[in-house]
Ligand SMILES: Cc1cc2nc3c(=O)[nH]c(=O)nc-3n(C[C@H](O)[C@H](O)[C@H](O)COP(=O)(O)OP(=O)(O)OC[C@H]3O[C@@H](n4cnc5c(N)ncnc54)[C@H](O)[C@@H]3O)c2cc1C
Ligand SMILES: Cc1cc2nc3c(=O)[nH]c(=O)nc-3n(C[C@H](O)[C@H](O)[C@H](O)COP(=O)(O)OP(=O)(O)OC[C@H]3O[C@@H](n4cnc5c(N)ncnc54)[C@H](O)[C@@H]3O)c2cc1C
Ligand SMILES: Cc1cc2nc3c(=O)[nH]c(=O)nc-3n(C[C@H](O)[C@H](O)[C@H](O)COP(=O)(O)O)c2cc1C
Ligand SMILES: Cc1cc2nc3c(=O)[nH]c(=O)nc-3n(C[C@H](O)[C@H](O)[C@H](O)COP(=O)(O)O)c2cc1C
Ligand code: FES
Ligand code: FES
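Residue numbers (the UniProt record's numbering), protein chains in the order written: chain A, 1 to 317; chain B, 1 to 317; chain C, 1 to 296; chain D, 1 to 296.
Laid out in C-alpha cells, this is it:
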C-alpha cells in the first residue's frame with residue numbers, strides 16, 4: 001500500500017502536506033541543491049517586501065536548546081527582483097510557489113498582492129502579520145486583530161480570486177482564536193501558524209544579547225508544543241478553516257502530530273538549517289508512519305485528536 | 001578568590017541566588033535525599049491550596065524537545081497539613097522556606113496568606129497567579145491585570161508586614177509589563193517569572209493529547225529564551241523591582257544569563273526532574289564561571305545586559 | 001517514601017548485551033548495589049550532557065553482583081528515543097544513574113509458597129525477588145507471559161531457580177497460547193500458593209489481583225505508570241490507591257510504590273481521579289477537617 | 001553561490017587525532033573530496049539524532065586524500081558545546097556532513113609569488129591552498145600567528161611546503177612576539193609577493209587588507225562570521241560587501257563567501273548595516289528603480 005498523501009486546503013489541493021516555512025528556504029535555489037523542490041507540497045518564499053531590505057545587523061542568530069533564536073529582519077530583494085528572478089526560477093523547477101508578503105502598511109500589502117496576481121504561477125499568498133506596523137509604534141499588525149483584519153481584507157481584495165490567501169499568525173498574542181476569527185471574517189481562505197515566539201539569549205561572555213537588537217524570534221522543536229496547542233485551539237474553534245501548521249517540525253511523526261491537532265498541511269522551517277534535505281526525508285518518514293499504522297489516506301488524520309479527546313484544560317500550574 | 005554569592009531581593013537577603021521553582025521540589029523531603037537543602041538560596045514549595053487537592057488524572061507529563069509538558073493540577077495536602085507537617089520539616093532542615101500559594105478566589109488567597117503569617121519561619125510568599133479563576137470561567141487570574149492586582153493586594157494586606165510577597169507571572173499574557181506594573185502597584189515586593197507556557201503534545205499512536213485534559217504547561221530549557229526575554233523586558237520597565245527569574249535553568253551559565261537580563265535570583269524547576277542535585281551543581285558551576293571571569297560579587301551581574309545593549313527590537317520575522 | 005536513601009552516581013557501563021528481544025546493561029554502581037532490595041528500580045538520564053531528553057528512564061533492577069564493589073544490571077526493550085539511545089551505549093561509557101528507588105517487595109517472614117507472575121519486560125524485578133524468597137526457604141513458582149517466545153523474559157533462568165515455570169504467549173510460540181491469567185489458577189492450585197507477586201501491564205495486574213482475591217491470598221503488584229523523575233518530585237506517576245484509612249489518594253508510583261498491595265490499587269479508575277479521592281473536585285462536601293489533616 | 005553542487009552525506013569517521021591545541025577528524029566522504037577546491041568548508045551536524053543543537057558547525061577543509069574513495073580532514077579547537085561533542089567522536093561513528101561549501105580561493109593563472117597569512121585555527125584552509133599554488137608553480141610564503149606556540153597551526157607543515165614560514169605569537173613562545181601584521185611587510189618585501197591570501201579573525205583581515213592595499217597588491221580574505229546552516233538559507237552570516245557596481249550589500253559569508261576580495265569587505269562596518277547598503281533603512285531616498293532591480 002502506498003498511502004495517499006494528497007490534502008486539500010479549501011479549494012487548494014496539494015500533492016502532499018509538506019511545505020517549507022517562510023524565510024527558511026532561501027530563494028529556493030539554495031535548498032534545491034539538496035532536494036528536488038518539485039516534490040515538496042509547496043515552497044513558501046521568504047516574505048517579499050515592496051522595496052529591497054538589508055535586514056538587521058549580524059549577529060542574527062543564536063542556538064538555543066532544541067531551537068534557534070533569530071532576527072534576520074526580512075532581508076530581501078524587493079518585489080521587482082523577486083518577480084523577475086526568483087519566482088520564474090521556482091516555476092522553472094516545477095515548484096508550487098506560495099509567496100509570503102510583508103508590508104509596512106495596508107497599502108503595501110495590497111500592492112504586493114496585486115503585483116503577485118499579475119504574475120503567472122503564484123499558487124498561494126501568505127500574509128505575514130508579524131511585520132511591524134509603523135502606524136502603531138512598530139508593534140506588529142497581529143497584535144491588534146482589527147489592524148490584522150484590515151491587512152487581510154486588503155490583500156484578499158487585491159489578489160486574483162483564484163489565489164488562496166492565508167493569514168500567518170504568531171502565537172504570542174492576547175487572543176489567538178479571536179485574531180484567527182477576525183482574519184477569516186476579513187476574507188482569509190486559511191491560516192498559517194505559528195510564527196516565531198519572542199525570545200532572547202544573553203551571551204554570558206559579552207554580557208550582551210546574543211542577537212543584535214536584543215529580542216529575536218524563537219523557532220525549532222523547542223516551540224512545537226506551543227504551536228500544536230495553537231493549531232488545536234484554533235481548529236476546535238474554526239473547524240472548517242484550513243490550517244498550515246508549523247513550529248518545530250523535524251520528523252514524519254511531527255507532521256502527524258500537527259495533522260491530528262487539526263492542520264491540513266505543515267511547513268518545515270528551521271529544521272532545514274540542520275538538514276537541508278529535511279522536507280523529502282520528512283515525507284518518506286511520514287509515508288512509513290502511515291504504512292506502519294495502516295493509514296491509507298493522510299487526510300484521515302486531520303483533526304482526529306479532537307474526536308477522541310476531552311476539552312482542553314487549563315494551561316499553567 | 002571565593003566570589004560573594006549574596007543577593008538582595010528588596011529587603012530580603014539570600015545567601016545565594018539559586019532557589020527551587022514552585023512545584024518542582026516535592027515537599028522538600030524528596031529533594032533532600034539528593035542535596036543539602038539548607039545550602040539552597042530558598043526552597044519554594046509547590047503551590048499550597050486551602051483544601052487538599054487530588055490534581056489531574058494521569059498521564060500528567062510528556063517529554064518534549066528540551067522540555068516537559070505537564071498538567072499536575074496543584075495536587076497537594078492543603079494548608080492544614082502543610083503547616084503541620086511540611087513547613088516544620090523544611091525549617092528543621094535549615095531551609096529558607098518560600099511558600100507558593102494558589103487560591104480559587106481572592107478570599108482564599110488572603111486566607112492562605114493569613115495562615116502562613118501565623119506560622120513562624122515563612123520567608124517569602126509567592127502568589128501563583130496562574131490558578132484558574134472560577135469567577136472568570138476558569139481563565140487564570142493573570143489573564144486580567146485587574147483580577148491579578150486584587151489578589152496581590154489581598155495577599156499583601158493579609159500577610160505579615162515583614163514577609164515579602166512576590167507575584168508569579170506567566171509569559172503568555174497580552175501585556176506582561178502592564179501586568180507586572182499592576183502587581184507592583186498592588187503591593188507586590190517582587191516578581192517571579194515565568195510560569196509554564198501553554199502547550200500540547202499529541203500522541204501519534206493513541207491519536208490523543210499526551211497529557212490528560214489536552215493542554216499542559218511547557219517548561220524546561222526549551223522556554224529559556226522566552227523567559228529571559230520576559231525578565232529583560234520587565235526589568236527594563238521596572239528596574240527597581242526585584243525579579244526571581246526562571247524557565248529552563250539547568251547550568252551555572254543559565255543563572256548568569258538570567259541575572260544579566262535583570263533577575264536578582266533564579267529558580268531551578270524541571271531541570272530537577274533530570275538531576276535532583278541540580279541546585280548545588282548549578283551553584284558550583286556559577287562559582288566557577290564567576291571565578292573564570294574575575295567577577296567578585298554575583299550581584300554585579302544583575303541587569304548588566306541592559307547597560308551595554310541597544311533597545312530590544314521586534315520579535316517575529 | 002522508602003527509608004533507604006537512594007544515591008545518584010555517574011556509573012561506568014561494564015557490559016551491554018542483547019538477550020532475546022531485550023538489551024541488558026550492567027553498570028558499576030556500588031552504592032546502589034549495596035542498598036538494593038528486590039522490586040526497586042533505577043532512573044537513568046539519557047542523551048548525554050546537553051540532552052534534549054529531560055526526563056529520566058526507569059528500569060527495574062534485574063540483578064546486583066558484588067564484582068567491582070557492586071554492579072547493577074537492568075534489561076530493557078527499545079521503545080522510544082531514550083531506550084534507543086541506551087541500546088547504543090558501549091562499555092566504559094558513563095551513565096548518570098539514581099537508585100535504588102521505590103518501595104521494595106515485602107518479603108514473608110515464614111517459608112511460604114510464592115507464585116511470581118510477570119508479563120514481558122515487566123518480569124525483570126521478579127528474578128532478584130525469586131532469589132530472595134529462595135534464601136528464606138520459600139517455594140517459588142513462575143508464570144511468565146509475553147507476545148512471542150522472544151518476549152518472554154529469561155525463561156531459562158526462571159526454570160533454573162523456580163520449582164516450576166509456566167509460560168504463555170499470545171502466538172503460542174512458547175508454552176500455552178493465551179495470557180498468564182489463563183494458567184494462573186492451575187499453578188496456584190498445584191503449588192498451593194500462599195502469596196502472589198506480579199509485575200506487568202495494568203490490565204494484567206488487575207486480573208491477577210482479582211484472581212488472588214478469589215483465592216483469598218495476598219497479592220503484591222508492581223505497577224508501571226509513566227514516570228519522568230523517579231524521585232517523587234514531579235508528581236506525574238500517580239495511581240489511585242486506597243490507604244489503610246479507607247481513603248483513596250493519588251499515590252506516586254515512584255515513591256509510594258511501585259509495589260502496592262493489589263487490592264489497594266483501584267485498577268478500574270487508573271487514568272482518572274475517582275470522585276471520592278482525597279481532594280477530588282467536590283470532595284470537600286464529603287470530607288471534612290479530619291481527613292484534610294491527613295491528606296497529601 | 002558556488003557552481004559546484006555540494007553533497008550531504010553520512011560519513012564514517014576514520015580517525016580522530018589531537019594536534020597541539022587542536023583536534024583533527026578525518027571522515028570518509030568521497031563526494032566532498034572529489035569536488036573540493038581550496039578555501040571551501042564543510043558543515044557538520046552535531047549531537048546525534050535527537051540533538052538539542054540545531055545549527056551546523058562549519059570547518060574549513062584542511063586536507064583531502066584519495067584513500068577509501070576520498071577522505072576529508074578538518075581541524076578544530078573546542079570552543080562550545082558542538083566542538084566538545086565532536087572532540088568525543090571515535091572512529092566508525094557517523095557524522096552528517098555537507099560540503100564542499102562556499103566560494104573557493106581564486107587561483108592565479110600565472111606562477112606568481114603568494115603570501116598566505118593565517119591566525120590560529122583560521123589557518124587551516126591555507127594548507128590545501130598552498131599545495132594548489134605550488135602545483136601551479138607559485139612561490140608560497142607563510143605568515144602564521146597565534147596566542148601561543150601550541151595555537152600556531154601546523155608550523156612544521158608550513159615550513160615544509162613553503163619557501164619561507166614566519167611565525168608570530170602573543171607571548172613570544174614561537175617566532176616573533178606580536179601580530180602577523182608586524183612581520184607581514186617584511187615578508188612581502190623579501191618575497192616580492194604579488195598576492196596576499198588571508199584567513200582569520202576580522203580585525204586581522206582588516207589590517208592585512210590595509211597593508212596589501214598600501215602595497216597595491218590584490219588580497220583575498222576568507223571571513224569568519226557566525227553561521228547556523230552553512231548552506232545559504234538562514235541568512236544569518238551576513239557581512240557588508242561592496243559589489244562590482246559599487247553598491248554595498250549584506251552578503252552571506254557561506255554562499256557569497258567566505259572568500260572575498262579584501263578591499264570589497266567593509267571591515268569597519270562589520271556588525272552593522274551601513275546606511276548606504278542596499279535596502280538599509282531610508283535607503284530608498286538614495287536609491288531608485290534601477291538599483292532595486294539588482295538587489296538581493
Ligand atoms: C517501575 C518501572 C519499572 C520499569 N522497568 C522496566 C524494565 O525493567 N525494562 C523495561 O524495558 N522497561 C521498564 N519500564 C518501562 C520503561 O521505563 C520504559 O519503557 C522507558 O522509560 C521508555 O523510554 P523511551 O525513551 O524508550 O520511550 P519514550 O516514549 O521516549 O519515553 C518518554 C518518557 O515517558 C516515560 N515512559 C514511557 N513509557 C513508560 C513506561 N512504560 N513506564 C514508565 N515511564 C514510561 C519515559 O520514562 C520518558 O520519561 C519500567 C517502568 C516502570 C514505571
Ligand atoms: C568559514 C568558516 C570556517 C571555519 N573553519 C574552522 C576551522 O577550520 N577550525 C575551527 O576550529 N573553527 C573553524 N571555524 C569556526 C567554527 O565554526 C566554530 O568554532 C564552531 O562552529 C564553534 O562551535 P561550538 O559548538 O564549539 O560553539 P557554540 O558557541 O556552541 O556554537 C553555537 C553556534 O554558533 C556558531 N558559531 C560559533 N562560533 C562561530 C564562529 N567563530 N564561526 C562560525 N560560526 C560560529 C556555531 O556554528 C553554532 O551554530 C570556522 C568558521 C567559519 C565561518
Ligand atoms: C531565520 C528565519 C527567518 C524567517 N523568516 C520569515 C519570514 O520571512 N516570513 C514569515 O512569515 N516567517 C518567517 N520565519 C518564521 C517561520 O516561517 C516559521 O513560522 C517559524 O520559524 C516556526 O517554524 P520552525 O520552528 O519550523 O522554524 C522565519 C524563521 C526563521 C528561523
Ligand atoms: C510539574 C510541574 C509542577 C509545577 N507546579 C507549580 C506550582 O505548583 N506553582 C507554580 O507557581 N508553578 C508551578 N510550576 C511552574 C514552575 O515553578 C516554573 O515556573 C516553570 O516550570 C518554569 O521553570 P522550569 O523551566 O525551570 O521548569 C510547575 C512546573 C512543573 C513542570
Ligand atoms: S516520576 Fe516523578 S513523581 Fe514519580
Ligand atoms: S550560515 Fe545560514 S545563510 Fe549563511
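Where is the CB? At the ideal position from N, CA and C, for every residue including glycine.
Distances between the C-beta of residue 83 of chain D and the heavy atoms of ligand 2 include at least one below 7 Å. At least one C-beta of chain B is nearer than 8 Å to the C-beta of residue 228 of chain C. The closest heavy atom of ligand 2 lies less than 7 Å from the beta carbon of residue 63 of chain A. At least one heavy atom of ligand 6 is found less than 7 Å from the C-beta of residue 235 of chain D. Residue-level contact check: residue 201 of chain D does not touch chain A, since none of the beta carbons of chain A fall below 8 Å from its beta carbon.
Between residue 248 of chain D and the set D:269, D:258, D:254, the nearest pair of CA atoms involves D:269. Per DSSP, the unbroken beta strand (DSSP E) holding residue 125 of chain A starts and ends at 122-128. A distance criterion of 7 Å places the beta-carbon of residue 252 of chain C in contact range of ligand 5, judged by its closest non-hydrogen atom. Sequence-distant Cβ neighbours of residue 93 of chain A in its own chain, meaning closer than 8 Å and more than five residues away, are 28, 32, 37, 38. Interface flag for residue 31 of chain A against chain D is set, since a Cβ pair is found closer than 8 Å.
Restricting attention to beta strand (DSSP E) runs no shorter than 3 residues, the segment 60-143 of chain A encloses them at 61-64, 67-70, 97-101, 122-128, ordered along the chain. For residue 166 of chain B, the uninterrupted beta strand (DSSP E) segment begins and ends at 165-169. When Cβ pairs closer than 8 Å are counted between the two stretches, the segment 4-11 of chain D is seen not to touch the segment 128-137 of chain D, the count staying below three. Separation of residue 36 of chain D and residue 165 of chain D (C-alpha to C-alpha, rounded to the nearest whole angstrom) is 25 Å. Within 10 angstroms of the beta-carbon of residue 201 of chain C lie fewer than 16 other beta-carbons, which makes it exposed.
For the segment 2-53 of chain B, the continuous beta strand (DSSP E) assignments of 3+ residues that do not extend past its boundaries occur at 7-9, 12-14, 18-20, in sequence order. Per DSSP, residue 42 of chain D is one residue of the beta strand (DSSP E) stretching across 41-44. In the DSSP assignment, residue 36 of chain D is bridged to no other residue. Contact note: residue 19 of chain B does not reach chain A at a C-beta cutoff of 8 Å; the least C-beta distance is about 16 Å. For residue 231 of chain C, the shortest separation between its Cβ and any heavy atom of ligand 4 does not lie below 7 Å. Here residue 51 of chain A has 78 as same chain residues with Cβ atoms under 6 Å from its own Cβ, once five neighbours each way along the sequence are excluded. Under the three-state reduction of DSSP output, residue 268 of chain A falls in the strand class.
Under the DSSP definition of a beta bridge, residue 260 of chain C partners with C:221. For residue 207 of chain A, the closest of B:295, B:61, B:13, B:114 by C-alpha to C-alpha distance is B:295. Residue pairing by DSSP places residue 197 of chain C opposite C:116, C:220 in a beta bridge. CA-CA distance, residue 307 of chain A to residue 48 of chain D, rounds to 36 Å. Taking the Cβ of residue 258 of chain C as the reference point, at least one heavy atom of ligand 1 falls within a distance shorter than 7 Å. For residue 227 of chain D, the Cβ falls inside the 7 Å cut-off from some heavy atom of ligand 2.
Under the three-pair Cβ rule at 8 Å, the segment 191-207 of chain D counts as touching the segment 114-125 of chain D.
Interface annotation, residue 253 of chain D: not in contact with chain C, CB-CB separation never under 8 Å. From the beta-carbon of residue 218 of chain B, the residues of chain A found nearer than 8 Å are 225, 226. DSSP, reduced to helix, strand and coil, places residue 82 of chain C within a helical segment of the structure shown. Looking from the CA of residue 264 of chain C, the closest CA among C:43, C:212, C:73 belongs to C:212.
Of the candidates D:86, D:228, D:19, D:228 places its Cα closest to the Cα of residue 237 of chain D. Closer than 8 Å to the CB of residue 45 of chain D there is not a single CB belonging to chain C. Secondary structure of residue 207 of chain A (DSSP, three-state): coil.
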